Structure formats: structure tokens, C-alpha cells
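In the working numbering, the protein residues as written are 145 to 221. Don't be surprised by glycine CBs; every beta carbon is placed ideally from N, CA and C. Remember, predicted model here, so these are calculated numbers, not experimental data. Worksheet: the structure to be examined is printed underneath.
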């Protein structure tokens, strides 16, 4: 049985440093539409595109900057 989206987000938060950038982005793509503010969704779309174009090291750096969005998702913001 696959994890729920909340469980996936919690796993990423709990193990962010060891999570693969592609897993982080994949989960971020799933949660971005849950944010209530259009500007946040648009911002995340742009960041996801930036990450997809970056090399592996840069992907990790860019993903770290987006960690608060996972916390905010769980808080229902």
C-alpha cells in the first residue's frame, strides 16, 4: 500500500538531507496545488522548473530552500 500524501511529506521533512531531489520535487508537485494563494503556486511552479534544469548538487541546494513549504502544507496554509 502506498503512503498518503501527508505521510510522504512527513517522511521528506524527517529525512530531508537524505531525500533525493527528484523525490522532493515529485512530492512538491503534488502539494503545490493545495496552497490557497495563486502566487505561491506560481512561485513553486517556477522553482520546480529551475530545479529540473539544474545539476544534482544545485538541485539539492534549491530543494533545501523549499523545505518550509512542506511544513506549511502540513499546517494547512
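A check of alpha carbon separations from residue 209 across 153, 160 and 152 identifies 160 as the nearest.
Here residue 200 is near residue 165, since their CB atoms are less than 8 Å apart. Taking C-beta separations shorter than 8 Å and ignoring five residues to either side along the sequence, the partners of residue 221 in its chain run 179 and 180, following chain order. DSSP places residue 159 outside both helix and strand once states are collapsed to three, so it counts as coil. In its chain, beyond the 5 residues on either side, 156 have a beta carbon closer than 8 Å to the beta carbon of residue 167. Under the three-state reduction of DSSP, residue 148 is assigned to coil, being neither helix nor strand. 8 Å or more divides the Cβ of residue 149 from the Cβ of residue 172.
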